[in-house]
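Residue numbering for the sequence shown follows this note's numbering, beginning at 17 and increasing consecutively. Glycine is no exception: its CB is placed at the ideal position from the N, C-alpha and C atoms. Computed from a prediction, not measured in an experiment: that's the story for all the values here. So the structure is just underneath, and the comments pick up after that.
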Amino acid sequence: MVQLGKEGTLAAARRATAFVRGDDVMHKLFTELAYRYKGREGGYTRLLRTRIRMGDAAPMAYIEFVDRENELREAKPPTPQPPERTPLDPWTRSRISKQWPSATPKQTTTDSET
17 MVQLGKEGTL AAARRATAFV RGDDVMHKLF TELAYRYKGR EGGYTRLLRT RIRMGDAAPM
77 AYIEFVDREN ELREAKPPTP QPPERTPLDP WTRSRISKQW PSATPKQTTT DSET
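Pasting the structure below:
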């Protein structure tokens, strides 16, 4: 639904109206939520598991939009990208292959080489 609000076209509004009933919800979807998540590609909601319901043991949870005021739980910071691995020099590669033969990639032979 948020993706339809971000599109902001008449066709998107008609598709959202088929699912969401209520002018106040449509207005909020196409104004407030579309503006809030304009830089986000996905992951608009968060699911917080709470407890098991007494009686039928159904799992209970809260679903909430992320990046809003009065969140139940703050968003996790983005994880940094791992550093680039430098390729091994030939001497190190030869030492590794002598100590651990299974660590080196096996070369496949074709029928034309044999």
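Collapsed DSSP secondary structure at residue i in the structure displayed
i    : result
M17  : coil
A73  : coil
Y78  : strand
T61  : strand
R52  : helix
R67  : strand
K92  : coil
W107 : helix
E23  : helix
Close Cβ partners of residue i (< 7 Å) along its chain, the five nearest in sequence each way excluded
i   : result
R67 : M76
Nearest-angstrom Cα separation, counted from residue j out to residue i
i    : j    : result
Y217 : L64  : Residue 217 lies beyond the residue range present for the chain, which begins at 17 and ends at 130; the question has no answer from this structure.
E87  : R30  : 30 Å
E85  : G38  : 23 Å
P117 : P106 : 15 Å
E23  : D40  : 18 Å
R109 : G55  : 44 Å
R62  : P93  : 14 Å
Cβ neighbour criterion (16 or more within 10 Å) applied to residue i
i   : result
F81 : exposed
G21 : buried
L45 : buried
Beta-carbon contacts of residue i that lie in its chain and below 6 Å, excluding the five residues immediately before and after
i   : result
V18 : L49, Y53 and Y60
Proximal residues to residue i (C-beta, below 8 Å), its chain only, five neighbours per side dropped
i   : result
M42 : A29, A32, T33 and V36
Start-to-end residues for the alpha helix (DSSP H) that takes in residue i
i   : result
Q97 : Where Q97 is concerned, there is no enclosing alpha helix (DSSP H), given that its DSSP letter is neither H nor E.
L45 : Segment: none, L45 is in no alpha helix (DSSP H) and carries neither H nor E.
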